[in-house]
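Enquirer: Numbering (our numbering), first residue to last: 16 to 347. We put the beta carbon where it would ideally sit given N, CA and C, even for glycine. Pasting in a structure now, in structure tokens, and then I'll have a few things to ask.
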């Protein structure tokens with residue numbers, strides 16, 4: 016592989032992957048991004064122009080996608096509508112991007128015989144009880160609970176069908192919750208960090224007992240690259256980092272690391288259909304590809320994330336006021 020097409024490469028997880036590829040490989044990268052509110056050209060600032068090119072466009076645009084796939088040796092598909100709250104208010108964009116967009120991409124890689132890796136989420140599996148010792152595995156049945164997770168589940172199933180029916184050379188990964196640089200301030204961790212930086216109190220959904228399995232975006236990127244280069248075609252790999260924390264603990268850790276009392280936050284209305292617990296068993300990835308996360312210490316990764324938002328106010332501030340206004344209207 017010499018050139019990668021990265022869809023959604025100006026979004027949070029996609030842009031982190033592009034930075035990782037440029038730092039750790041000799042690949043060239045074509046970024047395709049629609050630049051919705053969650054995409055930001057500034058997330059690609061500083062990358063070498065001779066190795067990274069940018070195209071603004073929609074992955075549901077078959078002609079454009081076909082042209083870009085023709086120019087690439089492999090495709091890494093991050094592009095997705097991904098915010099649960101937004102999917103509850105307006106599911107339509109999630110169907111257009113996550114289902115139709117993935118179909119469009121699959122038809123193009125099928126036509127050209129191009130290697131593809133599809134990036135998905137652990138939310139397709141639904142949730143686990145707090146007292147359940149189990150974790151999600153590649154064999155866990157799908158049980159999505161929101162328009163977002165159901166459309167991601169649908170996109171996964173499309174990829175599996177195109178592998179089986181048409182011989183598309185694809186792999187899938189389902190990852191736990193990411194945190195790190197370049198994440199939109201609507202998301203849980205950057206919202207709390209930027210609230211503190213603006214002199215406002217963090218907000219916690221409900222009682223904060225909901226558990227997420229956190230992974231730093233750098234670790235997600237290294238896992239995806241490993242699967243792309245060495246994963247078995249047709250296989251699904253779960254990506255995690257043993258980072259289970261309840262939301263209350265995360266907010267309290269942010270406040271403590273930022274030098275404030277751990278209880279200096281407000282409870283707000285819970286999200287409708289809020290999944291209780293996610294937990295990833297990444298044994299297959301570890302055993303088959305010898306992959307291990309670098310950020311095993313969640314607090315260390317969280318401190319690095321706080322430091323990034325503290326020193327990159329110009330990146331996140333333009334979206335902050337409008338985001339908080341939307342939350343305020345929802346009582347959150």
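Going by C-alpha distance, which of 237, 39, 207 is nearest residue 269?
Expert: 207
Enquirer: Inspect the beta-carbon positions of residue 193 and residue 132 and report whether they are closer than 7 Å.
Expert: no
Enquirer: Hey, would you say residue 218 sits closer than 7 Å to residue 281, going by beta carbons?
Expert: yes
Enquirer: Determine the contact status of residue 48 and residue 17, defining contact as a CB-CB distance below 7 Å.
Expert: no
Enquirer: Is residue 166 helix, strand or coil by DSSP?
Expert: helix
Enquirer: From this set, 154, 42, 215, which residue's C-alpha is nearest residue 339's C-alpha?
Expert: 215
Enquirer: Would residue 123 pass as a contact of residue 178 if the rule is Cβ separation under 7 Å?
Expert: If you check the CB distance, residue 123 and residue 178 do not come in under 7 Å.
Enquirer: Using alpha carbons as the reference points, say which of 152, 197, 187 lies closest to residue 27.
Expert: 197
Enquirer: Whole-angstrom Cβ separation of residue 225 and residue 289, contact assumed at under 8 Å?
Expert: 6 Å
Enquirer: For residue 134 versus residue 163, is the C-beta distance shorter than 7 Å?
Expert: no
Enquirer: Taking all protein chains shown into account, decide if residue 104 is buried (16 or more other Cβ within 10 angstroms of its Cβ) or exposed.
Expert: exposed
Enquirer: Using a Cβ-Cβ cut-off of 7 Å (strictly less than) and excluding sequence neighbours within five positions of residue 325, which residues of its own chain qualify?
Expert: 212
Enquirer: What are the start and end residues of each continuous beta strand (DSSP E) run of 3 or more residues lying completely inside the region 29-85, in chain order?
Expert: 43-48, 67-71
Enquirer: Residue 278 to residue 154, Cα distance in whole Å?
Expert: 39 Å
Enquirer: Can you name, in chain order, every residue of its own chain whose Cβ lies under 6 Å from the Cβ of residue 43, other than the five neighbours on each side?
Expert: 18, 66
Enquirer: Check whether the region 304-311 touches the region 251-270, counting contact only when three or more Cβ pairs, one atom from each stretch, lie closer than 8 Å.
Expert: Taking a cut-off of 8 Å for Cβ pairs, the region 304-311 and the region 251-270 touch, as three or more such pairs fall below it.
Enquirer: For the structure I just gave you, are there three or more beta carbon pairs, one from the region 50-63 and one from the region 75-91, closer than 8 Å?
Expert: Fewer than three Cβ pairs drawn from the region 50-63 and the region 75-91 lie within less than 8 Å of each other, which leaves the two stretches out of contact.
Enquirer: Quick one: what's got a C-beta closer than 8 Å to residue 119's C-beta in the same chain, skipping five residues either side?
Expert: 74, 75, 76, 77, 80
Enquirer: Hey, residue 238 and residue 323 are a contact pair by Cβ (cut 8 Å); roughly how many whole angstroms apart?
Expert: Actually they are not in contact, since the Cβ atoms of residue 238 and residue 323 sit about 20 Å apart, beyond 8 Å.
Enquirer: Closer than 6 Å by C-beta to residue 68: which residues in its own chain qualify, once you throw out the five before and the five after it? Chain order, please.
Expert: In chain order, 45 place their CB closer than 6 Å to the CB of residue 68, counting only its own chain and leaving out the 5 sequence neighbours on each side.
Enquirer: So what does DSSP say about residue 259, is it helix, strand or coil?
Expert: If DSSP states are grouped into helix, strand and coil, residue 259 belongs with the strands.
Enquirer: In chain order, which beta strand (DSSP E) runs of at least 3 residues are fully inside the region 271-308?
Expert: 281-283
Enquirer: When DSSP labels each residue in this structure, what does residue 218 get in the three-state scheme?
Expert: In the structure shown, the three-state DSSP call for residue 218 is strand.
Enquirer: Assuming residue 266 and residue 346 are in contact, meaning their beta carbons sit under 8 Å apart, how far apart are those beta carbons, in whole angstroms?
Expert: About 18 Å; that fails the 8 Å criterion.
Enquirer: For residue 127, report the span of its alpha helix (DSSP H) as first-last.
Expert: 117-127
Enquirer: Starting from the Cα of residue 111, find the closest Cα among 142, 152, 167 and give me that residue.
Expert: The residue from 142, 152, 167 with its alpha-carbon nearest to that of residue 111 is 167.
Enquirer: What separation, rounded to the nearest whole angstrom, lies between the Cα atoms of residue 127 and residue 20?
Expert: 13 Å
Enquirer: Note down, one range per segment and in chain order, each alpha helix (DSSP H) of at least 4 residues found wholly within the region 222-249.
Expert: 232-245
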